[in-house]
Amino acid sequence: SNLRALASSTYEIHPEDAPDQLKYDAKDQELYEASQALQEALNAPDVQTEERLWTKVINTYSSSNKNWTTDIVGRAYGNRGNSRSRQGKFEEALGDYDVSIKMCPWAVDPVLNRGVALEATGRYEEAIAAYEAVLKVQPNDPAAWNNLGNANMALARYADAVEIYGKAVQLAPEFSFAQANQAIALYASGNKNGASRKFRTLLRRYPDFDDMR
């Protein structure tokens, strides 16, 4: 669809353009303080504090003009997006991911997490475009395949979902949620025998896996 083509064109991930962190000045006191602030936010005791601390990093270092500024501030925007997404503030999270993607065009995480927020708001086609962009540069990422399967399931594309979950399972055989999702997709696509076999296998392997009961 035009919407999907438009969405995918906004995700051009270039991992090869990632900054060489060895070129950062290890003696730069401002970089040291920024790194400490990042750690403090990552270790926040709760998600509200975490959001506040990412905002502090953004406000403190956005006006800095060092070779590490876009890396640190771009990551802070992406992480603030994650903390907002976990609180259900999806529109604010999407805004943060947009800034992070623009500042760090080499980064996969803000694109993947933007897909998760889009999926949570029912924008499945756009979520699919985000996951496909991630898989273009990280084809062996089982979580991205699983997420892509979820978005296809939501659009009732059951046969596609079966195949997509299969790729997640192939890449990570111990990824029990992808196997469970594939079983549900098999059932939804009308393959009840295949679904039953997979459910039974999962219950034997994971007897405490309540999602299968």
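At position 113 of the sequence shown (counting the first as 1) the number is 111 in my numbering, and the numbers step up by one without a gap. For every residue, glycine included, the Cβ atom is placed at its ideal position computed from N, Cα and C.
Which class does Tyr30 belong to by DSSP, given the choice of helix, strand or coil? The sequence position of residue 30 within the sequence shown is 32, counting from 1. The answer is helix: DSSP assigns Tyr30 an H, G or I state.
Candidates Thr199, Lys64, Asn191, of which the one nearest Pro171 by Cα: Taking the first residue of the sequence shown as 1, we reach residue 171 at position 173. Distances from the alpha-carbon of Pro171 to those of Thr199, Lys64, Asn191 put Thr199 closest.
Taking the C-alpha atoms as reference points, what is the distance between Ala19 and Gly72? In the sequence shown, the residue the question calls residue 19 occupies position 21. In the sequence shown, the residue the question calls residue 72 occupies position 74. One point to set straight first is that residue 19 is Gln, not Ala, in the sequence displayed. Approximately 14 Å, taken between the alpha carbons.
Can you tell me which of the three DSSP states Tyr204 falls into? Your numbering for residue 204 matches position 206 in the sequence shown. Of the three classes helix, strand and coil, the one that applies to Tyr204 here is coil, per DSSP.
Cβ-based neighbour list, Val109, same chain, cut-off 7 Å, excluding 5 preceding and 5 following: As a first step, residue 109 is located in the sequence shown; it is residue number 111 there, counting from the start. Counting only Cβ-Cβ distances below 7 Å, and skipping sequence neighbours, we find Tyr9, Ile11, Ile99, Ala128, Ala131, Val132.
Asn41 - DSSP class collapsed to helix/strand/coil: Position 43 of the sequence shown, counted from the start, is the residue given in the question as residue 41. Asn41 falls in the coil class under three-state DSSP.
What residue from Ala115, Gln37, Tyr22, Gly188 has the CA that sits closest to Gly93's CA? The residue given as residue 93 occupies position 95 in the sequence shown. It is Ala115.
Outcome for Pro140 when other beta-carbon atoms lying within 10 angstroms are tallied against a minimum of 16: Residue mapping note: residue 140 aligns to position 142 of the sequence shown, counting from 1. Using a 10 angstroms sphere on the CB of Pro140, the tally of other CB atoms reaches 16 or more, which defines it as buried.
Here's a check: name, in chain order, each residue in its chain whose Cβ is nearer than 8 Å to the Cβ of Asp96, leaving out the five neighbours to either side. For the purposes of this step, residue 96 is identified with residue 98 of the sequence shown, where counting begins at 1. The answer, listed in chain order, is Arg112.
Can you list, in chain order, the residues of its chain whose CB lies under 7 Å from that of Lys21, leaving out five sequence neighbours each side? Taking the first residue of the sequence shown as 1, we reach residue 21 at position 23. Asn65.
To the nearest angstrom, how far is the alpha carbon of Thr47 from that of Arg121? Counting from one through the sequence shown, the residue named residue 47 turns up at place 49. Counting from one through the sequence shown, the residue named residue 121 turns up at place 123. Using only the alpha carbons, I get a separation of about 28 Å.
Drop a sphere of 10 angstroms on the beta-carbon of Arg212, count the other beta-carbons inside from all chains shown, and report buried for 16 or more, exposed for fewer. The requested residue 212 does not occur in the structure, where the chain is confined to residues -1 to 211.
Environment of Asp69 [buried if 16+ CB atoms lie within 10 Å]: Here residue 69 refers to the residue found at position 71 of the sequence shown. Around the Cβ of Asp69, a 10 Å sphere holds 16 or more other Cβ atoms; the residue is buried.
Boundaries (first-last residue) of the alpha helix (DSSP H) holding Pro140: Sequence index remark: in the sequence shown, residue 140 carries index 142 (1-based). Its alpha helix (DSSP H) spans residues 140 to 152.
Would you decide whether Asn77 is buried or exposed? Buried here means 16 or more other CB atoms lie within 10 Å of its CB. By one-based count along the sequence shown, residue 77 stands at place 79. Under this definition Asn77 is a buried residue.
Would you please state the rounded distance, in angstroms, between the beta carbons of Pro13 and Trp104? I believe it to be under 8 Å. As a working mapping, residue 13 is identified with position 15 in the sequence shown. As a working mapping, residue 104 is identified with position 106 in the sequence shown. Taking a contact as a CB-CB distance under 8 Å, the pair Pro13 and Trp104 counts as one, their CB atoms being some 5 Å apart.
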